[in-house]
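Visitor:
Here it is in structure tokens:
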């Protein structure tokens with residue numbers, strides 16, 4: 002499993018007005034390291050290091066060096082600025098290589114079903130992440146699903162996905178992941194309205210010759226019907 006090593010510094014001035022703005026102005030990010038039966042620690046990490054972790058992919062193992070003591074962790078959450086979309090805070094969870102964890106892993110589709118070309122089918126990717134359980138060392142960055150054998154009559158559910166060795170499925174096995182849909186034919190004529198169908202009926206002796214210029218029944222016809 003890929004590991005990214007970063008440095009962190011203990012955060013000072015917690016609760017002091019303007020402290021967070023100062024940290025971000027220095028191109029650092031406030032963060033918290035928690036879990037592992039230890040007290041949470043407020044730290045700062047550089048924007049450059051955090052971007053390196055994000056680029057490495059989801060569930061990347063991180064070695065955090067804090068005051069000369071390395072700790073293994075996973076990024077659990079990164080918060081972004083609503084306008085600039087820049088990272089403004091990060092949460093790290095301590096982990097042990099001996100422990101199993103429940104994590105959410107992205108799903109990536111590959112391949113092409115023959116029914117796409119034959120019937121003009123459209124791929125509908127319903128579930129884009131899947132929850133699994135695995136040792137920290139076996140957690141995958143993503144799960145690849147081959148849709149080549151899929152048909153319009155048989156989609157793929159979570160239980161159909163082949164997981165890497167040592168990875169256990171937590172998501173419901175029957176949960177739909179991807180299927181093929183046939184687009185509606187927009188050129189198919191719509192059924193005739195009821196009024197048009199009535200107009201197409203043969204005229205009876207009581208209605209014959211009693212229609213106006215628009216082909217609608219006149220008041221006289223209405224009376225005759227009574």
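Numbering (our numbering), first residue to last: 2 to 227.
Cβ coordinates follow ideal geometry from the N, Cα and C atoms, glycine included.
Nothing here was measured: the structure is a model prediction, and the numbers come from that model.
(1) Does the beta-carbon of residue 180 have 16 or more other beta-carbons within 10 angstroms, so that it is buried, or is it exposed?
(2) For residue 35 versus residue 94, is the C-beta distance shorter than 8 Å?
(3) In chain order, what residues of the same chain lie with their CB nearer than 6 Å to the CB of residue 78, ignoring the 5 residues before and after it?
(4) My understanding is that residue 88 touches residue 148, with C-beta atoms under 8 Å, so please give their C-beta distance in whole angstroms.
(5) CA-CA distance, residue 37 and residue 122?
(6) Would you mind reading off the limits of the beta strand (DSSP E) that contains residue 74?
(7) Using the Cα positions of residue 54 and residue 8, report the straight-line distance between them to the nearest angstrom.
(8) Alpha carbons only, please: which of 134, 126, 33 is nearest the one belonging to residue 42?
(9) If you drop the 5 nearest sequence neighbours on each side, which residues of the same chain put their C-beta closer than 7 Å to that of residue 171?
(10) For the candidate residues 107, 28, 18, 153, whose alpha-carbon lies nearest to that of residue 125?
(11) Between which two residues does the alpha helix (DSSP H) holding residue 21 run?
(12) Quick check: what's the CA-CA separation for residue 176 versus residue 107?
(13) Buried or exposed, going by whether 16 or more other CB atoms sit within 10 Å of the CB of residue 50?
(14) Within the chosen definition, does the region 5 to 19 reach the region 61 to 72 through at least 3 CB pairs nearer than 8 Å?
(15) Starting from residue 92, trace the beta strand (DSSP E) both ways and give me its first and last residue.
(16) Using the beta-carbon count (16 or more within 10 Å), is residue 97 buried or exposed?
(17) Looking at residue 158: is its Cβ nearer than 8 Å to the Cβ of residue 178?
(18) Would you tell me roughly how many angstroms separate the C-alpha atoms of residue 161 and residue 136, rounded to the nearest one?
(19) Please classify residue 85 as buried or exposed, where buried requires at least 16 other C-beta atoms within 10 Å of its C-beta.
(20) How long is the line joining the alpha carbons of residue 25 and residue 17, rounded to whole angstroms?
(21) So which of 151, 182, 140, 184 has the shortest CA-CA distance to residue 165?
Guide: Judging by the given coordinates:
(1) Along the chain shown, one-based indexing puts residue 180 at 179. Buried.
(2) Position 34 of the chain shown holds residue 35. Position 93 of the chain shown holds residue 94. Cβ distance < 8 Å, so residue 35 and residue 94 count as in contact.
(3) Here residue 78 refers to the residue found at position 77 when the chain shown is read from its first residue. Hits under 6 Å: 92.
(4) Along the chain shown, one-based indexing puts residue 88 at 87. Along the chain shown, one-based indexing puts residue 148 at 147. The Cβ separation is near 33 Å, so there is no contact.
(5) By 1-based counting over the chain shown, the position of residue 37 is 36. By 1-based counting over the chain shown, the position of residue 122 is 121. If you draw a straight line from the Cα of residue 37 to the Cα of residue 122, it comes to about 48 Å.
(6) Counting from one through the chain shown, the residue named residue 74 turns up at place 73. Per DSSP, residue 74 belongs to the beta strand (DSSP E) from 70 to 81.
(7) As a first step, residue 54 is located in the chain shown; it is residue number 53 there, counting from the start. As a first step, residue 8 is located in the chain shown; it is residue number 7 there, counting from the start. Roughly 12 Å separates the two Cα atoms.
(8) Translated into the one-based positions of the chain shown, residue 42 becomes position 41. The candidate whose alpha carbon is nearest that of residue 42 is 33.
(9) The sequence position of residue 171 within the chain shown is 170, counting from 1. Same-chain partners within the cutoff: 103, 132, 133, 134.
(10) Working through the chain shown from its first residue, we reach residue 125 at position 124. Comparing alpha-carbon positions, the option among 107, 28, 18, 153 lying closest to residue 125 turns out to be 153.
(11) Within the chain shown, the letter at position 20 stands for residue 21. That run of the alpha helix (DSSP H) goes 20 to 26.
(12) Numbered from 1 along the chain shown, position 175 holds the residue referred to as residue 176. Numbered from 1 along the chain shown, position 106 holds the residue referred to as residue 107. One C-alpha to the other measures close to 15 Å.
(13) Along the chain shown, one-based indexing puts residue 50 at 49. Classification for residue 50: buried.
(14) Yes, since at least three Cβ pairs between the region 5 to 19 and the region 61 to 72 fall closer than 8 Å, the two stretches touch.
(15) Walking along the chain shown from the start, residue 92 turns up at place 91. Counting along the chain, the beta strand (DSSP E) containing residue 92 begins and ends at 88 to 95.
(16) On the chain shown, residue 97 is found 96 positions in, with the first residue counted as 1. That one is exposed.
(17) Walking along the chain shown from the start, residue 158 turns up at place 157. Walking along the chain shown from the start, residue 178 turns up at place 177. Yes. Within cutoff.
(18) As a working note, residue 161 is residue 160 in the chain shown. As a working note, residue 136 is residue 135 in the chain shown. When rounded, the distance between both Cα atoms is 22 Å.
(19) Here residue 85 refers to the residue found at position 84 when the chain shown is read from its first residue. Residue 85 is classed as exposed because its beta carbon has fewer than 16 other beta carbons within 10 Å across all chains shown.
(20) Reading the chain shown from its first residue, position 24 is the one you call residue 25. Reading the chain shown from its first residue, position 16 is the one you call residue 17. Each residue's alpha carbon lies about 14 Å from the other.
(21) Looking up residue 165 in the chain shown gives position 164. If we check each option's Cα against that of residue 165, 140 comes out closest.
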